[in-house]
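In the numbering used here, the protein residues as written are 24 to 402. Heads up, the thing below is written out as structure tokens.
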Amino acid sequence: MDTDVLIVGGGTIGLAIGFELVRRGTPTTIFEKDRAGRGTSYQAAGMLAPDAEIEFEELELYTFNRESLRRWPDFAKRVEAASGQSVDYRDEGTLIVADDRDAAEALERLYTFQQEQGLNVEWLTGEEAREIEPFVAPRLSAAVFAPADHQVDNRRLVDALRTAFEAEGGTLHEHTPVDAVVPDAEAPAVRTADGERVAGKRIVVAAGVWSRELDGLTPDAQPPVRPVKGQMIQMRRTRPFDLQHVVRGPEAYLAPKSDGRVVMGATSEELGFDTTVTAGGLFDLLEGGWEVVPGIRDLPVDETWAGLRPASRDHAPLLGESAAPGVAMATGHYRHGILLTPITAEEMARLICTGETSEWIEPFSPQRFSLADSPAASA
Ligand SMILES: Cc1cc2nc3c(=O)[nH]c(=O)nc-3n(C[C@H](O)[C@H](O)[C@H](O)COP(=O)(O)OP(=O)(O)OC[C@H]3O[C@@H](n4cnc5c(N)ncnc54)[C@H](O)[C@@H]3O)c2cc1C
Numbered sequence: 024m025d026t027d028v029l030i031v032g033g034g035t036i037g038l039a040i041g042f043e044l045v046r047r048g049t050p051t052t053i054f055e056k057d058r059a060g061r062g063t064s065y066q067a068a069g070m071l072a073p074d075a076e077i078e079f080e081e082l083e084l085y086t087f088n089r090e091s092l093r094r095w096p097d098f099a100k101r102v103e104a105a106s107g108q109s110v111d112y113r114d115e116g117t118l119i120v121a122d123d124r125d126a127a128e129a130l131e132r133l134y135t136f137q138q139e140q141g142l143n144v145e146w147l148t149g150e151e152a153r154e155i156e157p158f159v160a161p162r163l164s165a166a167v168f169a170p171a172d173h174q175v176d177n178r179r180l181v182d183a184l185r186t187a188f189e190a191e192g193g194t195l196h197e198h199t200p201v202d203a204v205v206p207d208a209e210a211p212a213v214r215t216a217d218g219e220r221v222a223g224k225r226i227v228v229a230a231g232v233w234s235r236e237l238d239g240l241t242p243d244a245q246p247p248v249r250p251v252k253g254q255m256i257q258m259r260r261t262r263p264f265d266l267q268h269v270v271r272g273p274e275a276y277l278a279p280k281s282d283g284r285v286v287m288g289a290t291s292e293e294l295g296f297d298t299t300v301t302a303g304g305l306f307d308l309l310e311g312g313w314e315v316v317p318g319i320r321d322l323p324v325d326e327t328w329a330g331l332r333p334a335s336r337d338h339a340p341l342l343g344e345s346a347a348p349g350v351a352m353a354t355g356h357y358r359h360g361i362l363l364t365p366i367t368a369e370e371m372a373r374l375i376c377t378g379e380t381s382e383w384i385e386p387f388s389p390q391r392f393s394l395a396d397s398p399a400a401s402a
């Protein structure tokens with residue numbers, strides 16, 4: 024097989040890295056254990072929301088998220104041009120809403136912090152929020168409008184990425200699980216479940232929440248990624264209900280897509296690889312969503328599911344060379360993998376094509392964990 028780069032995993036991250044590599048003329052093969060784009064990336068909400076999701080302790084990640092959002096419109100155009108498919112990039116903005124006094128106080132703390140960081144956000148009364156989005160609850164106490172927080176349809180995205188990757192000349196092997204990677208500085212390889220050994224010049228592990236399951240990596244090179252379960256409910260928009268903005272309440276968010284889907288999520292549960300949809304999970308989401316957008320009461324529910332977010336120990340992604348020769352990582356994107364798709368793909372392609380680690384991905388080196396775990400570091 025004539026290939027330079029072997030990517031393990033065909034989710035948004037593996038497909039997008041592959042797409043950026045083949046565009047640059049680097050022969051690339053993706054191995055996907057199931058169907059490409061049907062892992063966590065299919066189960067997400069597609070929000071591109073660095074401003075709403077800014078965390079007090081995660082400013083470095085915020086800067087990275089924000090830069091990826093800046094790159095999203097161009098990236099979307101490239102993927103759409105190569106695939107001939109829409110990714111439904113929507114820029115109406117996001118409303119973060121509070122439905123009682125406690126929530127309003129928490130929202131005010133967030134707003135103060137957002138302002139200190141110079142974010143473009145606006146404090147609104149409940150009435151002003153309803154002028155922007157008539158479907159939020161009449162009794163909301165306050166809201167913050169984040170016009171720069173956008174969204175895509177992640178399901179369309181993965182399908183478009185898959186088409187774009189193959190249209191640019193990439194090779195995709197679906198239903199081909201990789202059991203092990205074989206590190207080597209010159210000719211690293213992967214071993215598939217049916218025993219085939221395929222060598223290339225570089226391996227990229229982009230296997231999301233399953234990245235840690237691969238054999239062949241020494242403990243210092245294994246990515247410390249764990250699953251964090253999120254249950255979701257999908258409804259169908261039926262008139263007169265016509266929500267246009269992403270709405271984030273204290274207990275649930277709603278993301279309306281152009282094809283009529285209204286995606287509502289998400290729980291956050293540490294239960295290993297369990298993906299059971301539970302009555303309690305659905306109840307919490309329905310109650311939380313209904314409090315802030317009461318019109319969902321009449322909508323038909325057409326799907327429920329639970330996805331697994333790939334979380335690293337510090338909740339930031341692992342991007343760049345691992346401790347294993349010839350093996351790079353692009354995993355651990357946790358809550359932000361759709362948002363971080365453009366910057367991950369572009370910077371990983373640059374690393375692979377030029378050998379240079381950019382200042383953007385340097386702070387997210389996978390080796391930050393192996394170094395922290397070394398006896399010298401803990402002494
Ligand atoms: C409920 C929920 C809501 C979310 N909402 C958002 C959101 O609004 N915005 C946002 O930015 N992010 C969101 N996320 C996070 C986002 O979905 C993830 O960060 C992102 O999808 C990770 O992409 P990935 O390509 O790494 O993983 P995946 O999409 O899981 O892709 C990994 C692929 O690797 C394949 N694979 C695994 N092991 C092997 C193997 N051994 N051999 C071959 N193939 C293998 C899998 O089958 C899979 O297709 C959400 C996540 C969840 C669960």
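Ideal placement from N, C-alpha and C gives every residue a C-beta, glycine not left out. Quantities reported herein were computed from a predicted structural model and do not represent experimental measurements.
Not one heavy atom of ligand 1 is found less than 7 Å from the C-beta of His-268. In this structure, the CA atom of Glu-83 is about 19 Å from the CA atom of Met-352. Here Glu-150 carries a helix assignment [DSSP, helix/strand/coil]. Counting C-beta atoms within 10 angstroms of its own C-beta, Gln-254 has 16 or more neighbours from the protein chains shown and is therefore classed as buried. In the displayed model, Tyr-112 falls within coil according to three-state DSSP, outside both helix and strand.
Just so you know, the alpha carbons of Ala-166 and Gly-318 end up roughly 18 Å apart. The secondary-structure analysis by DSSP pairs His-359 with nothing; it has no beta-bridge partner. Shortest gap from the CB of His-173 to any heavy atom of ligand 1: 7 Å or more. As for any alpha helix (DSSP H) of minimum length 4 sitting wholly inside the segment 31 to 111, the runs are 35 to 46 and 82 to 106, ordered along the chain.
Considered as a whole, the segment 247 to 287 harbours no complete run of any alpha helix (DSSP H) with no fewer than 4 residues.
Shortest gap from the CB of Ser-64 to any heavy atom of ligand 1: under 7 Å.
Beta-bridge pairing by DSSP links Glu-145 to Phe-168. Between the segment 351 to 367 and the segment 306 to 318, the count of C-beta pairs closer than 8 Å stays below three; the two stretches do not touch. The beta-carbon separation of Pro-273 and Asp-74, rounded to 17 Å, does not stay under the 8 Å limit for a contact.
Exclusion of the five residues before and after Glu-145 leaves Phe-168 as the residues of its chain whose Cβ lies within less than 6 Å of its Cβ. Nearest to Lys-56 by C-alpha distance, out of Met-70, Gly-34 and Glu-292, is Gly-34. Trp-233 has its CB nearer than 7 Å to a heavy atom of ligand 1. The alpha carbon of Glu-379 has as its nearest neighbour, out of Leu-342, Ala-347, His-356 and Ser-393, the alpha carbon of Leu-342. Ile-226: member of the beta strand (DSSP E) spanning 225 to 228, first to last residue.
DSSP places Pro-365 inside the alpha helix (DSSP H), whose first and last residues are 364 to 377.
Around the Cβ of Phe-136, a 10 Å sphere holds fewer than 16 other Cβ atoms; the residue is exposed. In the three-state reduction of the DSSP assignment, Gln-390 falls in the helix class, which pools H, G and I. Of the other Cβ atoms in all chains shown, fewer than 16 fall within 10 Å of the Cβ of His-198; this residue is therefore exposed. At the C-beta level, Asp-325 and Asp-176 stay beyond 8 Å of one another. Distances from the CA of Gly-60 to each of Leu-147, Asp-337, Arg-179 and Leu-44 were compared; the closest alpha carbon is that of Arg-179.
In the three-state DSSP reduction, Pro-317 falls in the helix class (H, G or I). Cβ-Cβ distances below 6 Å link Ala-183 to Val-102, Ser-106, Gln-108 and Val-110 in the same chain, with the five nearest sequence neighbours on each side left out; the list follows chain order.
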